[in-house]
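*Asks:* Every position in the sequence shown, counted from 1, becomes a number in this note's numbering once 5 is added. C-beta atoms are modelled at their ideal positions from N, C-alpha and C, and glycine is treated no differently. Given the structure is predicted, the values throughout are model-derived calculations rather than measurements.
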Amino acid sequence: MRDHHDIVIVGGGVIGLTIARALALRGVRDVCLVERGNLGAEASWAAAGMLLPQVEADAPDDFFDLACRSRDLYPAFAAALREETGIDVELDTTGTIYLALTEHDHEEIEKRYDWQTRAGLSVERLSGAEARKLEPCISESALGALRFPKDIQVENRRLLSALANSVKKLGVTIATQTPVDSLLLDGHRVTGVQASGRPISCATVVIAAGSWSSFIKTAPVPVIEPVRGQMVCLEAKPQLTHHVIYSPRGYIVPRRDGRLLAGSTSERAGFAKCVTAGGIAKILRNALEISPALAELPVLDTWAGLRPRASGDLPVLGPCGEIDGLFFATGHYRNGILLAPLTGELISEAIVSSQR
Ligand SMILES: Cc1cc2nc3c(=O)[nH]c(=O)nc-3n(C[C@H](O)[C@H](O)[C@H](O)COP(=O)(O)OP(=O)(O)OC[C@H]3O[C@@H](n4cnc5c(N)ncnc54)[C@H](O)[C@@H]3O)c2cc1C
Numbered sequence: 006m007r008d009h010h011d012i013v014i015v016g017g018g019v020i021g022l023t024i025a026r027a028l029a030l031r032g033v034r035d036v037c038l039v040e041r042g043n044l045g046a047e048a049s050w051a052a053a054g055m056l057l058p059q060v061e062a063d064a065p066d067d068f069f070d071l072a073c074r075s076r077d078l079y080p081a082f083a084a085a086l087r088e089e090t091g092i093d094v095e096l097d098t099t100g101t102i103y104l105a106l107t108e109h110d111h112e113e114i115e116k117r118y119d120w121q122t123r124a125g126l127s128v129e130r131l132s133g134a135e136a137r138k139l140e141p142c143i144s145e146s147a148l149g150a151l152r153f154p155k156d157i158q159v160e161n162r163r164l165l166s167a168l169a170n171s172v173k174k175l176g177v178t179i180a181t182q183t184p185v186d187s188l189l190l191d192g193h194r195v196t197g198v199q200a201s202g203r204p205i206s207c208a209t210v211v212i213a214a215g216s217w218s219s220f221i222k223t224a225p226v227p228v229i230e231p232v233r234g235q236m237v238c239l240e241a242k243p244q245l246t247h248h249v250i251y252s253p254r255g256y257i258v259p260r261r262d263g264r265l266l267a268g269s270t271s272e273r274a275g276f277a278k279c280v281t282a283g284g285i286a287k288i289l290r291n292a293l294e295i296s297p298a299l300a301e302l303p304v305l306d307t308w309a310g311l312r313p314r315a316s317g318d319l320p321v322l323g324p325c326g327e328i329d330g331l332f333f334a335t336g337h338y339r340n341g342i343l344l345a346p347l348t349g350e351l352i353s354e355a356i357v358s359s360q361r
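Okay, structure coming up:
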């Protein structure tokens, strides 16, 4: 790694990688991605890869529009990554079924169906029997369901491999095992970062350090707190479901290779990235509520990751404002995989236009 680059990106998760790629594709030549550990080994690796703006929205708002825009970039994003790297990120467009398993759930899905059909969005209403006809593993207790044909999923670990491969091919400098300690400033202007005890000078820094973003000294990053999510991985060969199946309490996500992910928890546990007995019990209880047939499946693996949450649950995106040359791309909380393609576009556009 040289001691000068035009742009330094701090953090090699899905967000840092996507921004690095987007900058390189816009013709920015000298980008350096600095990662404390290994690329794509934190929240982005732990995620379920669901791209579900419609399933999760109680009402239309600006965030919903952003999330739908990013989801709709995925087919072209996945195709371009395949073209560049040969890696198939397994974008699965089967769609998502949202189950109502209690009377209260049923009232909630009716509200969702009403506002989304009024807004002209794609959503289908199913009886419990119709949902079971589509996916026979669904519990006999399902009272009804919505099917969201446009809410899809991606294999996030393959996505990380494809992005890492792409940025290397595009000539981005990558420094792993290199923690950034602080931002270097000259008054209100960025002049570089201090990384592993030595300075790297640059005119532009992007902070994309996920749950750790607030620890970079002298950078006025809004507080980002970690929210732990645990996951259980089962083996379903042959596949038990083709759709992602979601309930208000949990979800199951089928992967092409026969893994079936069940998630998740949402816990304020600091930076303790461990799997707990209570967490696993809760995930399995909610997954079995969706499909009692899961009870027979072998457990392959468990893991946990830290979702980066900012105030108001909204991502922190764009120029810092107080310090020239400093950009934020953090706080993606539960939606970093979903929001990655649009984040890459928006941040790279903001940087390139600030340099014109
Ligand atoms: C269980 C679980 C399920 C999830 N499911 C989904 C889902 O289905 N769909 C979805 O859209 N999102 C999901 N998410 C959320 C998603 O994973 C995150 O929003 C996303 O991964 C955030 O990406 P990131 O690049 O900001 O953070 P991270 O992937 O955490 O990457 C941040 C990187 O910065 C590095 N770093 C930190 N500090 C420094 C430093 N000082 N110097 C250098 N490098 C540093 C870290 O080592 C890390 O590699 C899930 C999360 C979890 C935990």
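#1: Is ALA213 near ligand 1, going by C-beta to nearest heavy atom under 7 Å?
#2: Should ASN43 go down as buried or exposed, given a rule of 16 or more other Cβ atoms within 10 Å for buried?
#3: Could you please give the first and the last residue of the uninterrupted beta strand (DSSP E) stretch that includes SER206?
#4: Just to confirm, does VAL15 get its C-beta within under 7 Å of one of the non-hydrogen atoms of ligand 1?
#5: Taking the C-alpha atoms as reference points, what is the distance between VAL172 and ASP186?
#6: When you compare each of ALA25, PRO346, GLY197, SER358 to LYS174 by their alpha carbons, which one comes out closest?
#7: How close, in whole Å, do the beta carbons of PRO324 and ILE229 come, if the pair is a contact with beta carbons under 8 Å?
#8: Applying the 10 Å Cβ sphere with the 16-neighbour rule, what's the burial state of GLY276?
#9: How far does the alpha helix (DSSP H) with ARG76 in it reach, from first residue to last?
#10: Take ALA345 as the anchor and find which of SER49, ARG254, ALA267 has the nearest alpha-carbon.
#11: Under the three-state reduction of DSSP, which class applies to LYS222: helix, strand or coil?
#12: Spatial neighbours of ALA292 within its chain, please: C-beta separation below 6 Å, excluding the five flanking residues on both sides.
#13: Have a look at LYS242 and ARG137 and give me their C-alpha separation to the nearest angstrom.
#14: Do SER216 and PRO231 have their C-beta atoms closer together than 8 Å?
#15: Within 7 Å: the Cβ of ILE229 and any heavy atom of ligand 2?
#16: Quick one: is ASP2 buried, meaning 16 or more other Cβ sit within 10 Å of its Cβ, or exposed?
#17: Kindly confirm or deny that the segment 76-84 and the segment 123-137 touch, where touching means at least three C-beta pairs closer than 8 Å.
#18: Can you give the Cα-Cα distance for LEU351 and SER359, rounded to whole angstroms?
#19: Taking the C-alpha atoms as reference points, what is the distance between PHE220 and PRO141?
#20: In this structure, what does DSSP give as the bridge partners for ILE157?
#21: Less than 8 Å between C-beta atoms, sequence neighbours within five positions excluded: which residues of the same chain meet that for LEU347?
#22: Is it right to say THR209 is buried, meaning 16 or more other beta carbons lie within 10 angstroms of its own, or is it exposed?
#23: Kindly identify the DSSP beta-bridge partner or partners of ILE14.
#24: Got a sec, what are the start and stop residues for the alpha helix (DSSP H) GLU113 sits in?
#25: Consider the C-beta atom of ALA51 and the heavy atoms of ligand 1; say whether any pair is separated by less than 7 Å.
#26: Cβ of PRO313 versus every heavy atom of ligand 1: is any distance shorter than 7 Å?
#27: According to the neighbour-count rule (16 or more other Cβ atoms, all chains shown, within 10 Å of its Cβ), is GLU47 buried or exposed?
#28: When you compare the CB of LEU126 with every CB in chain B, is at least one pair closer than 8 Å?
#29: Report buried or exposed for GLN158, applying the criterion of at least 16 other Cβ atoms within 10 angstroms of its Cβ.
#30: Helix or strand or just coil, what does DSSP make of SER132?
#31: Within 10 Å of its beta-carbon, does GLN182 have 16 or more other beta-carbons around it, so buried, or fewer, so exposed?
#32: Can SER252 and LEU56 be called in contact, C-beta distance under 8 Å?
#33: Considering just the uninterrupted stretch of the beta strand (DSSP E) at SER187, what are its terminal residues?
#34: Just to check my reading of the structure: ALA180 and THR335 have Cβ atoms closer than 8 Å, yes? What is that Cβ distance to the nearest angstrom?
#35: Taking all protein chains shown into account, do 16 or more other C-beta atoms lie within 10 angstroms of the C-beta of CYS37, making it buried, or fewer, making it exposed?
#36: Can you list, in chain order, the residues of its chain with a C-beta nearer than 8 Å to that of VAL195? Leave out the 5 residues immediately preceding and following it.
*Replies:* From the atom records:
#1: yes
#2: exposed
#3: 203-206
#4: yes
#5: 24 Å
#6: ALA25
#7: With a Cβ gap of about 17 Å, PRO324 and ILE229 do not count as contacting.
#8: As written in the sequence, residue 276 is Phe, which differs from the Gly given in the question. Exposed.
#9: 67-90
#10: SER49
#11: strand
#12: GLY255, ILE257, ALA267, LEU299
#13: 19 Å
#14: yes
#15: This structure simply doesn't include ligand 2; it includes ligand 1 instead.
#16: The structure shown does not extend to residue 2, since the chain is modelled only from 6 to 361, so the question has no answer here.
#17: no
#18: 12 Å
#19: 48 Å
#20: LEU56
#21: LEU71, ARG74, SER75, LEU78
#22: buried
#23: LEU38, VAL211
#24: 108-123
#25: yes
#26: yes
#27: buried
#28: Annotation note: the requested chain B is absent from the structure, which comprises a single protein chain.
#29: buried
#30: strand
#31: exposed
#32: no
#33: 185-191
#34: The pair is not a contact, with the Cβ atoms about 19 Å apart (cut-off 8 Å).
#35: buried
#36: LEU188, LEU189, CYS207, ALA208, THR209, VAL210, ILE328, ASP329, GLY330, LEU331
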